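Engineer:
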Amino acid sequence: MVWILTSLFFCWLIFREIRGSIVPRQGYDQPESIYKPYLFSCLILAMSFAWPPYHYWRFERFLSAKATELADFNPAKVHCSTAFDSIFDREPTFSHANPTNGEIVIQPPLCARLMDYLDHPDRANPYELHSLNTFTHESMHVRGELNEAKTECEAVQRNYRAAKLLGVPDHVARKNALEYYYGSYMNLKAGGPNAVRYFSEECAPGKEMDEHLSDSTWMTIEASEY
Ligand SMILES: [Zn+2]
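Take 0 as the starting number for the sequence shown in numbering that gives the first Met the number 0 and just add one per residue.
#1: Just to confirm, does Glu-147 get its C-beta within under 6 Å of one of the non-hydrogen atoms of ligand 1?
#2: Under the criterion of a Cβ to heavy atom distance below 6 Å, does Thr-150 qualify as lining ligand 1?
#3: For a minimum of 3 consecutive residues, which ranges assigned as the beta strand (DSSP E) are wholly contained in the stretch 61 to 111?
#4: Return yes when the Cβ of Phe-72 is within less than 7 Å of the Cβ of Trp-2, no when it is not.
#5: Pick from Val-141, Thr-92, Ser-85: whose alpha carbon is nearest that of Asn-100?
#6: Can you grab the Cα-Cα spacing for the pair Cys-110 / Pro-120, in whole Å?
#7: Does DSSP classify Arg-15 as helix, strand or coil?
#8: Please confirm whether any heavy atom of ligand 3 lies closer than 6 Å to the CB of Met-46.
#9: With a threshold of 8 Å on Cβ separation, who are the neighbours of Leu-42 within its own chain once the five nearest residues in sequence on each side are excluded?
#10: Taking only three categories from DSSP, how would you classify Thr-231?
#11: Once the 5 residues before and after Phe-198 are set aside, which same chain residues still bring their CB inside 8 Å of it?
#12: May I have the straight-line CA-CA distance separating Arg-160 from Thr-216, to the nearest angstrom?
#13: Looking at C-beta atoms only, is the number of pairs between the stretch 164 to 172 and the stretch 58 to 77 that lie closer than 8 Å three or more?
#14: So, is Leu-128 buried or exposed, given that buried needs 16 or more other C-beta atoms within 10 angstroms?
#15: Does Gly-143 come out as helix, strand or coil in the three-state DSSP assignment?
#16: His-226 and Glu-59 look like a contact to me (Cβ under 8 Å); what is the Cβ gap, rounded to whole Å?
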């Protein structure tokens, strides 16, 4: 919001400068000629401040389309929340989704981390993999699952599919999805505040929560162990 308002302010300065070259300003008899360096500077600043919101708007549209696909074509609408938006959010700490209307809110800085991940998936760090899993997890809520442990397990099995949908090369997507499963997910086993809610011993290849997806994150594990 602040970025857009700042950009609009510079647009107004541009408008005022051009208008001043056509209509005399108050207290002047004649229009003034445009001062080109000033106009050019205002234009650059207006575009610079407009770029981040435009970039995020495009990213949100991209994520919405991919989340819809992940959610078995239940319509999803992703919003990359900002610190300003969080003030009005009832759940400002966690990303969340509404299965009724398909709205997904991804809290900062996870959209930025997801962008970073997509820039260099082969060098993904645990925080970036967490942002990928959050995107998949919230898409599973839109798909209709409300139980957090089941939702998380569905996400774990689909992180490979999600990464590929987002444009990550096949072998890197598989590696990233398995890294999340063996890393962050398995770390929940040791306990912690989220363990009871999000972790299940049944979330493993061949166990109760295994959906046996044809493109499961676990496919290579299943192939080698069963
Ligand atoms: Zn959840």
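From the three backbone atoms N, C-alpha and C, an ideal C-beta is built for every residue, glycine too.
All values reported here derive from a predicted model rather than from experimental measurement.
Structural biologist: According to the structure shown:
#1: yes
#2: Yes.
#3: 76 to 79, 95 to 97, 102 to 105
#4: The Cβ-Cβ distance between Trp-2 and Phe-72 does not fall below 7 Å.
#5: Val-141
#6: 14 Å
#7: helix
#8: This structure simply doesn't include ligand 3; it includes ligand 1 instead.
#9: Phe-9, Ile-13
#10: Lying outside 0 to 225, the shown extent of the chain, residue 231 is not represented and no answer is given.
#11: Ala-148, Glu-151, Tyr-184, Leu-187, Lys-188
#12: 8 Å
#13: Contact holds: three or more Cβ-Cβ distances are below 8 Å.
#14: buried
#15: coil
#16: One cannot answer for residue 226 here, as it falls past the ends of the chain, which runs 0 to 225.
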